[in-house]
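Each number in this note's numbering comes from the position in the sequence shown (counting from 1) with 377 added on.
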Amino acid sequence: MTIINRFTLRAIGLLVVLLLVSQANAQETRLKWWGHAAFSITTPNGKVLLIDPWLSNPSNADVKDKKDPLAALSRVDYILLTHGHRDHVGDAADIARKTNATLICNPELAGNLVKLADFPKERAEGDGIMGIGGEIQIADGEVTIAMTPAVHSSSVFNPKAGPTEPERAYGGNPAGFVIIIRNGPTIYHSGDTAYFKDMEVIGESYAVDVALLNIGGHFGMEPKMAARAAQSVRAGLAIPHHFGTFPGITPNADAFAAELKKLRIGFYEMKPGETIVFRGKRFITGAGQKP
Ligand SMILES: [Zn+2]
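Spelled out as structure tokens, the structure:
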């Protein structure tokens with residue numbers, strides 16, 4: 378074999394390794410918990426989805442340090458809202474103004490957020506306005522969003538209400554989302570639901586890899602039923618949210634973890650501000666874990 382051939386083979390080998398590495402990086406999905414029900418997802422192509430963005434919640438370290446919680450947001454392409462309550466809509470209007478993100482939620486909630494919360498109208502009237510049972514494709518087809526039922530209530534706080542007007546306007550039906558990411562995990566966000574047995578239909582219809590489940594009780598699922606929800610949607614991994622944020626809801630994820638253990642379902646507790654990474658559908662890192 379000549380020197381040139383050996384050199385060429387080495388160069389090709391190096392190129393293959395580089396291609397494999399860049400391919401692996403390209404297929405990483407990042408999931409960040411901002412505390413309470415707020416999560417952001419960064420897709421393999423770099424699109425950012427933000428769900429129930431109450432970033433100014435008291436669990437957020439930036440809020441504790443009296444810093445602007447929105448300063449950490451460099452890019453948001455889509456804002457998904459499960460329902461209209463203040464601990465879920467949160468900072469959506471400010472974020473949309475800052476980032477030009479497109480709103481994904483039901484039409485009544487979108488209409489009232491424009492009217493009452495000064496949500497930018499042009500970001501709240503596209504294909505993202507949808508109903509339960511519907512599926513839409515976003516991010517140039519990289520992500521499919523299915524809106525699923527939730528048993529809860531939904532209303533929009535009206536800061537403009539006069540003394541004789543109701544301070545809560547209609548928020549449409551509450552919902553959950555199944556987020557199907559090409560070359561990434563399928564993620565279910567339960568919103569703020571009670572347990573309902575038709576969650577089994579979600580599990581039959583979608584291959585849910587990760588379930589982000591509200592475990593706070595009082596207003597929604599208690600930890601035991603949230604574990605049953607993980608089983609019903611056939612989640613490979615269950616991550617709790619909507620706990621410990623304020624008095625009156627479940628303070629920690631211990632009971633949820635214990636119930637999941639009985640059901641032999643994977644559990645991971647994120648810390649507020651933590652980002653975890655998926656390579657393809659596989660969960661590869663969390664706090665204190667090596668890839
Ligand atoms: Zn809530």
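Where a beta carbon is used, it is the ideal one built from N, C-alpha and C, also for glycine.
Bear in mind the structure is a predicted one, so any value in this text is a computation, not a measurement.
In whole angstroms, give me the CA-to-CA distance for residue 648 and residue 628. One-based indexing of the sequence shown puts residue 648 at position 271. One-based indexing of the sequence shown puts residue 628 at position 251. So the two alpha carbons sit approximately 13 Å from each other.
With ligand 1 as the reference, list in chain order each residue whose Cβ lies under 5 Å from any of its heavy atoms. 464, 569
Once DSSP output is grouped into helix, strand and coil, what is the label at residue 520? Sequence index remark: in the sequence shown, residue 520 carries index 143 (1-based). It is a strand residue.
Which stretch, first to last residue, makes up the beta strand (DSSP E) that contains residue 662? Your numbering for residue 662 matches position 285 in the sequence shown. Segment 659-662, the beta strand (DSSP E) holding residue 662.
Checking the sheet assignment: what are the DSSP bridge partners for residue 615? Within the sequence shown, numbered from 1, the residue matching residue 615 stands at position 238. 588, 644, per the DSSP bridge assignment.
Can you check whether the CB of residue 522 is closer than 8 Å to the CB of residue 556? Against the sequence shown, residue 556 aligns to sequence position 179. Against the sequence shown, residue 522 aligns to sequence position 145. Yes, these two residues count as a Cβ contact at 8 Å.
Count the other CB atoms, across all protein chains shown, that sit within 10 Å of the CB of residue 620; report buried if there are 16 or more and exposed otherwise. Reading the sequence shown from its first residue, position 243 is the one you call residue 620. Residue 620 should be labelled buried.
Less than 7 Å between the CB of residue 601 and some heavy atom of ligand 3, yes or no? Summarising the ligand content, the structure contains ligand 1 and does not contain ligand 3.
Would you kindly work out how many angstroms separate the C-alpha atoms of residue 640 and residue 610, rounded to a whole number? As a position in the sequence shown, residue 640 is number 263, starting the count at 1. As a position in the sequence shown, residue 610 is number 233, starting the count at 1. Each residue's Cα considered, the two are about 13 Å apart.
By the three-class DSSP mapping on this structure, what secondary structure does residue 531 have? By one-based count along the sequence shown, residue 531 stands at place 154. Residue state, collapsed to three classes: coil.
contact_flag[the region 425-436, the region 450-470] where n(CB pairs < 8 Å) is 3 or more: yes
What number of angstroms, rounded off, separates the C-alpha of residue 664 from the C-alpha of residue 529? For this step, residue 664 is matched to residue 287 along the sequence shown. For this step, residue 529 is matched to residue 152 along the sequence shown. The predicted model places residue 664 with a pLDDT of 47, which falls under 50 and marks its position as unreliable; any figure quoted below should be read in that light. So the alpha carbons of these two residues sit roughly 32 Å apart.
Using 10 angstroms around the beta-carbon of residue 364, count the other beta-carbons present and answer buried if the total reaches 16, otherwise exposed. Nothing in the structure corresponds to residue 364, since the chain is present only between 378 and 668.
Along the chain, where does the beta strand (DSSP E) containing residue 476 start, and where does it finish? Counted from its first residue, the sequence shown places residue 476 at position 99. Here residue 476 belongs to no beta strand (DSSP E); instead the alpha helix (DSSP H) covers 469-476.
CB-CB under 6 Å to residue 514, same chain, minus the five flanking residues each way: which ones, in chain order? If you number the sequence shown from 1, residue 514 lands on position 137. In the same chain as residue 514, and ignoring 5 residues on each side of it, the C-beta atoms closer than 6 Å to its own belong to 521, in chain order.
In the DSSP assignment, find the unbroken beta strand (DSSP E) run with residue 552 in it and report its ends. Translated into positions along the sequence shown, residue 552 becomes position 175. Per DSSP, residue 552 belongs to the beta strand (DSSP E) from 552-558.
Rounded to the nearest angstrom, what separates residue 561 and residue 551 at their Cα positions? Along the sequence shown, one-based indexing puts residue 561 at 184. Along the sequence shown, one-based indexing puts residue 551 at 174. Those two C-alpha atoms are separated by around 26 Å.
Closest by CA to residue 547, which one among 491, 427, 406? To locate residue 547, count along the sequence shown from 1; it is residue 170. Nearest option by C-alpha distance: 491.
C-alpha distance - residue 704 paired with residue 517, whole-angstrom precision: Given a span of 378 to 668 for the chain in the structure shown, any question on residue 704 remains unanswerable.
6 Å CB neighbourhood of residue 564 in its chain, flanking five on each side removed: Numbered from 1 along the sequence shown, position 187 holds the residue referred to as residue 564. Excluding sequence neighbours, residue 564 sits near 556, 587.
Is residue 409 helix, strand or coil by DSSP? Mapped onto the sequence shown, residue 409 falls at position 32. Strand.
Assign residue 509 to one of three DSSP states: helix, strand, or coil. For the purposes of this step, residue 509 is identified with residue 132 of the sequence shown, where counting begins at 1. Reduced to three states, the DSSP call for residue 509 is coil.
Which residue's Cα is closest to the Cα of residue 500: 526, 469, 417, 524? Mapped onto the sequence shown, residue 500 falls at position 123. For the residues 526, 469, 417, 524, the minimum Cα distance to residue 500 belongs to 469.
May I have the straight-line CA-CA distance separating residue 578 from residue 658, to the nearest angstrom? Here the question's residue 578 lines up with position 201 in the sequence shown. Here the question's residue 658 lines up with position 281 in the sequence shown. Distance between the alpha carbons of residue 578 and residue 658 is about 21 Å.
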